[in-house]
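Chemist:
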Amino acid sequence: MAPVFWLPFAPNEVWRSVLSKDAPFLLTAAMTGSTFGSVKYRGGEVEVCHANYQTEEGSLDEGCMARETARFQKRRDQKQSRERLHGKAVKKVDRQASMGATIVGVNNVKKGGTFYAQQWENLDGTNFNYRQRIEP
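Residue numbers (my numbering): -1 to 134.
1. Throw me the rounded Cβ distance for the GLN116 and ARG93 pair, which I believe falls under 8 Å.
2. Give the straight-line distance between the Cα atoms of ALA8 and LYS108, rounded to the nearest whole angstrom.
3. Got a sec? Which residues, its chain only, sit under 7 Å from THR67 by beta carbon, not counting five neighbours each side?
4. Could you check where the beta strand (DSSP E) with GLY98 kicks off and where it finishes?
5. Just to check my reading of the structure: MET29 and SER79 have Cβ atoms closer than 8 Å, yes? What is that Cβ distance to the nearest angstrom?
6. What's the gap between the Cα of ILE101 and the Cα of TRP4?
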C-alpha cells in the first residue's frame, strides 16, 4: 500500500508542506473557498499549500490568499471549481455556493507533482455528485 500525504485546511491560515519522496499521492480537504498552490524546485522537491483567508466581514480575502500563494508557480482558486462546469459558466450564485473541489496529486520524483481537481456538487448537505476532473 502506498502512503498518501494529507494537506489539511484551517480558517484564516495557509498550510504548506514539502512533499515527501516516499508519499506518491496527495489529497486535500474540501476546497470551497480556498486556493491551492504548488511549486517544483530544482532538486525535484515539490512544495504545496492550501490557503484560506476571510475578511472581518466574513467574505473571502482573495488579496491575502493571492499574496500567500504568489510564489507558487501553479495555483487553483475557488473560482475555478465553483464558477465553471464542463467549460460553461455556472450563473446561479446559489449553485456556485454548493460546488467545490478536492485536489488529488501524484508526486513523481523525477517529473514533480501533477495535481487534479475533483469537482463536486453538494446536492442537499449529505449527498454529493462528482461533476468532473479538472486537468492541471
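All residues carry an ideal CB built from backbone N, CA and C; glycine is no exception. Keep in mind it's a predicted model, so treat the numbers as computed, not measured.
Modeler: Inspection of the coordinates gives the following:
1. Wrong, their Cβ atoms sit about 18 Å apart, outside the cutoff.
2. 31 Å
3. Cβ within range, chain order: THR33, GLY35, CYS47, ALA49, ARG73.
4. 97 to 106
5. 6 Å
6. 10 Å
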